[in-house]
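The structure appears below as C-alpha cells.
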Amino acid sequence: MKLISDGRQFLPVDNPQNSLYINEAIKRYLGTTERDEIFFLVGPKGIGKTTLLRQKSHLYRQKPGMKFNANSNELVEYLTASPPSFSKDELLKFKSLDLWERIWRYCLRIIALKTADLTEVSKEVRPLLTNSLRITSLLQNLLSSREEIFKTLEYYEQFLMNDVGKIQSGVAIFIDNVDQAFDRILRNYHHSDNFYKGRNSPTAELWVNAQIGLLSAAYDLNCDLSHIKIFATCRREAFELLPGPLRSNIENYTTKLEYSKTEINEILELKLQEMKVGKVDPKKPYLLEKFLGFKERPHPFIIDTVTKEKRNENPFDYLYRHTFGRPREIVILLQELNDKVISAPNYYKWDIEEKLNRISEVVNLASRDFFDWYQDEIIPHFDKIQLEKFIKLLSTNYIKQEELPRFDPDIIKAYYVFGLIGYTIRRPGQDGLLQKFLPAAKYNYKGFTNLQPSEYYLIHSVMDQSIIDIRGYENHYNPTNIIGNGYPFKEPEVSFEHSKGIDYYYPLKVNANRWKNSNPNYKHHLPLKNYYDNYFSSPNSLNETLEKELDKSFNELTSLHFYTLLGRQFPGEYSEEKQKCLYKLQNELKLKREYQKTLKDSTPGNMLIFQNRIHGRLLFLGCYLLLNMDYDPIHNLFVSGSDNYLNDQILGSKSKLDYFRTSFFIHGLSKNQDLLSKEEIFTHLSSFEKDKIKKWAKEIIPSIINNLNDLKENHKAWVLQSNLFNTDWLSIHMAE
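Residues are numbered in the working numbering as their position in the sequence shown, beginning at 1, plus a constant of 63.
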C-alpha cells in the first residue's frame with residue numbers, strides 16, 4: 064500500500080478519527096461550531112498543516128449556508144504565485160509588514176466578495192470580480208505592477224471595505240502554501256544581500272512578512288465580520304517573528320502543530336495499520352516488530368560498558384532519532400523500508416544481520432535526505448560550505464566543551480538553535496548525563512538563543528551519513544553512546560596515557576633555553592614547561608584528539624612518501640594512490656597547520672595552538688628520523704601541503720632550519736643531517752616521543768612496506784632492494 068506523505072494527496076473523510084491522528088490541539092482545530100475561532104495552523108514543513116487544513120475545509124462543507132473560495136475537489140487554494148524579480152529598492156519596500164497587511168486586505172476582501180457572489184457592489188469594484196478570480200492571480204497582478212501598487216491599494220481601500228460589509232452569507236476561505244509561493248525569492252541570491260549580513264537579509268524579511276501579513280489581515284477581517292472566516296497556514300519560522308502586540312492577539316486564534324515522541328509513535332502505528340502490517344511475521348506482538356521482523360536492533364559500533372555486548376535499541380527509537388520528529392519523515396521511512404526491503408521475497412526468512420544491514424542502509428540514506436531538505440528550509444539560508452568545514456573539524460559525533468575554540472562560534476550557535484547540535488545536562492538525583500536537542504524549525508532567526516552550557520555537545524543522527532560521506536566512518540561513532548534526544552550519555556573513557564606522570568611527556572632538552580623561559584622571538588610568551596603542564600597534566604579531549612590523530616597522520620604521511628618515491632622511480636604510476644593519501648592529510652588530518660602562530664597564555668585557544676605544535680613536532684621527527692626525509696621536503700610539505708614537496712626550494716629563501724627550531728623546539732637540529740644528528744635528537748626526546756617513534760618504526764613502516772599486493776613484480780623487487788626507510792640506527796634503542 065502506498066502511504067501518503069504529501070498533504071495535497073490526502074482525501075478527507077467525515078469521521079477523521081479513523082484515518083488521522085488527533086490529539087487535543089487538533090481536535091480543537093477541526094471543530095466547526097458557530098464559535099469556531101481557530102483560524103490559523105502553524106508549524107514547520109512536514110508536520111501535517113496541509114492535511115489538517117483540507118480536513119477542516121471538508122468538515123465545513125457539512126455546515127448549511129456556507130460558501131467557499133475553493134470547490135469541493137480542491138478544498139483549499141494553494142498559492143502558486145511566482146513573484147517577479149525585485150530591484151534592490153523594491154525589495155526594501157516589499158519587506159515591510161505594513162505593506163503586506165495592506166496587500167492581503169485587498170486580496171481577501173475581493174475574494175470574500177467573489178465567494179459570496181455579492182451582486183450589489185460598487186461600480187469601482189465590479190471589474191475586479193472576474194469569473195476566474197483566484198488569490199494567486201490577484202497577487203500576481205499586484206506584484207507585476209509594483210510601481211502602481213500603492214495607488215491601487217489606496218484607491219480601492221474604502222470601496223472594498225464598504226462592499227465587504229454588505230456580505231450577509233457565511234463565507235469560508237482556505238489558503239495554503241504561502242511559504243512555498245515565496246520560496247523562490249528566499250532561495251535565489253539577491254544582490255541587496257551584499258548590504259545586509261545574515262539575519263538582516265531583506266529577502267528573508269519579505270518571506271516572513273508575506274506570511275504574517277496574511278495572518279494579520281485575516282485576523283482583522285475575521286474579527287470585524289464573524290460570518291467571514293479565513294483559514295490559513297503559516298511556517299513556524301515566520302510565526303516566531305510576529306511582533307509582540309500582534310502575536311498576543313493572533314496566538315488566541317492559532318493552533319501550533321507539534322508532536323511528542325509518543326505521539327509520533329502513535330502516528331507510526333496508525334500508518335502501519337493502514338499498511339495492514341502482519342504479513343512479515345505474524346508471531347510478533349507489536350506492529351513495528353511485525354513490520355521489521357525483530358524486536359531490538361544492536362548498534363554495529365557501540366558497546367554496552369556493562370555487558371560488553373553491542374548496545375541494543377528499540378526499533379522505533381532508532382527510526383525516530385534519524386528524523387526531526389515530523390510525521391512526514393516517519394511516513395517516508397516506512398514507505399522506503401517497505402518498498403526497498405520489507406517487500407522483498409521471503410524477507411522474514413533472512414538472517415538478522417542481513418535485515419539489519421539492509422534496513423540501516425535505507426534509514427541512513429533517508430535521513431541524509433531529511434537533513435538536505437532541512438538545510439533548504441532554514442532561513443535566511445544554510446551555508447553548505449561552512450557545513451563542510453565544520454564536518455572536517457569533527458573527530459567524532461560529539462564535541463567536548465574545551466574543543467569549542469576549534470570551531471566557528473557562530474556556526475556552533477546556529478547549529479544548536481537549528482536543533483543540529485545537542486547538549487548534555489546532569490539529571491537531578493540520578494547518575495550520568497541526559498542528551499537534549501532543541502526542536503527543529505522552532506527558532507527566531509533574528510535573535511538566536513544563547514548556547515546552553517554543557518560538558519559535551521552532540522551531533523544529531525540525521526547528520527551521520529553526510530559526515531561519513533565527507534570524512535568516513537573512522538572514529539565517527541562514540542563507542543559507548545547512541546546519540547539521540549532523551550537518551551542517556553555516559554562520559555567517554557579517556558584513552559590517553561596519564562598513569563606514567565607528567566614527566567613522561569617532558570622532553571629531556573629543548574633548544575635555546577626555552578624550557579623555563581619565555582621567548583617571544585620563538586613565538587611563546589610563557590616558558591614551554593607551562594604549556595606542557597597545562598596540556599598533559601590531566602585527561603582532556605585535546606590530548607585524546609592528538610593521540611588519535613598522530614598515528615593516522617603518520618600512517619598517511621608514510622603512505623604518501625612511499626607512493627611518491629615509487630612514482631619518481633616509475634613515472635606515470637601511483638598518482639591516484641598518492642592523491643588519496645594527500646587528500647586525507649590535507650582535509651581529514653589537517654597536515655597544514657599554524658605551526659608558527661604565537662603562543663600567549665594557557666587558554667583553550669592557545670592550547671589548541673600548542674597541540675598543533677606537538678602534532679607537527681612528532682610528524683617532523685617521524686619524517687626526519689624514520690622516513691629519511693631532508694629538511695627541504697619536510698618544510699615544503701608542512702608549509703604547502705602539496706604533492707610536489709620533493710621539488711627543491713618551493714617556498715623562497717627562509718631558513719628551513721630556523722623554521723623547525725622556532726616551531727618545534729627540537730634540541731640537536733643542525734646543518735649536518737647525519738646519523739650523529741639523529742642520535743642526538745632522539746636521545747633528548749621525551750619518553751612519550753621515543754615510545755611513539757619506536758611504535759611507528761615497529762608497526763606502521765613495516766605495514767606499509769609489506770603491503771605490496773597491488774604492486775607490479777618489478778616494483779616489488781625495487782622496494783625490497785632499495786631499503787627506502789632505513790631505521791637500522793634505531794635498533795639499539797628498541798629494547799630500551
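Using N, Cα and C, we set each Cβ at its ideal position, and we do this for glycine too. A quick note: this is a predicted structure, and the numbers were derived from the prediction, not measured.
Three-state secondary structure (DSSP) at residue i?
i    : result
L714 : Note that L714 scores a pLDDT of 43, beneath 50, so its modelled location is shaky; the value from the coordinates is reported in the next line. Here L714 sits in coil by DSSP.
K463 : strand
T487 : strand
R189 : helix
A477 : helix
G233 : strand
N86  : coil
E742 : helix
H444 : coil
F364 : strand
Y141 : strand
L181 : coil
I238 : strand
Taking the alpha helix (DSSP H) that residue i belongs to, which residues open and close that run?
i    : result
Y687 : Run containing Y687: none; DSSP gives neither H nor E here.
M129 : Here M129 belongs to no alpha helix (DSSP H); instead the beta strand (DSSP E) covers M129 to F131.
V227 : I212 to V227
I522 : Unbroken run through I522 is the beta strand (DSSP E), Y519 to I522; no alpha helix (DSSP H).
Y722 : K719 to F727
P516 : Here P516 belongs to no alpha helix (DSSP H), and DSSP marks it neither H nor E.
F69  : Correcting the residue identity first, residue 69 is Asp in this sequence and not Phe. Counting along the chain, D69 falls outside any alpha helix (DSSP H), and DSSP gives it neither H nor E.
R117 : K112 to Y123
Just to confirm before moving on: does the CB-CB distance between residue i and residue j stay below 7 Å?
i    : j    : result
N513 : Y461 : no
K119 : L93  : yes
N132 : I291 : no
R431 : S323 : no
K572 : H730 : yes
V271 : D226 : no
Q674 : L748 : no
W163 : G307 : no
P468 : P667 : yes
S750 : Y567 : yes
K647 : E619 : yes
I59  : I533 : Nothing in the structure corresponds to residue 59, since the chain is present only between 64 and 799.
I422 : V404 : yes
F102 : F302 : no
F617 : W759 : yes
R374 : N574 : no
F354 : E392 : no
L720 : F788 : no
K660 : I677 : no
At what residues does the beta strand (DSSP E) containing residue i begin and finish?
i    : result
T318 : T317 to K319
K371 : Segment: none, K371 is in no beta strand (DSSP E) and carries neither H nor E.
Q498 : L496 to K499
A295 : I291 to R298
L104 : F103 to G106
Going by CA-CA distance only, name the one from the options that's closest to residue i.
i    : options                   : result
K509 : S150, E300 and N78        : E300
L108 : S68, S159, P583 and D471  : According to the sequence as given, residue 108 is Lys; it is not Leu. Closest by alpha carbon: S68.
L181 : Y218, S232, L196 and L205 : S232
E440 : N409, L496 and Y506       : Y506
E87  : I238, R172 and K319       : K319
I546 : V525, R360, S740 and I89  : V525
M338 : L66, D754 and C644        : L66
Tell me the rounded alpha-carbon separation between residue i and residue j.
i    : j    : result
E752 : V426 : 44 Å
L74  : Q80  : 14 Å
H539 : S135 : 52 Å
Y259 : P265 : With a pLDDT of 49 at Y259, under the threshold of 50, the modelled position of this residue cannot be trusted; read the value that follows with caution. Between Y259 and P265, the C-alpha separation is close to 7 Å.
Y381 : E451 : 26 Å
D77  : I85  : 14 Å
V241 : L278 : 11 Å
L191 : F213 : 17 Å
L714 : G679 : Below a pLDDT of 50, predicted positions are generally treated as unreliable, and L714, at 43, falls in that range; the measurement from the model is reported next regardless. Each residue's Cα considered, the two are about 18 Å apart.
E153 : N263 : 16 Å
K779 : T790 : 19 Å
Y694 : E640 : 24 Å
F633 : T627 : 10 Å
S665 : I110 : 48 Å
Y411 : G356 : 6 Å
Please tell me whether residue i has its Cβ less than 7 Å away from any Cβ of chain D.
i    : result
V188 : Going by chain labels, chain D is absent from the structure shown, which holds only one protein chain.
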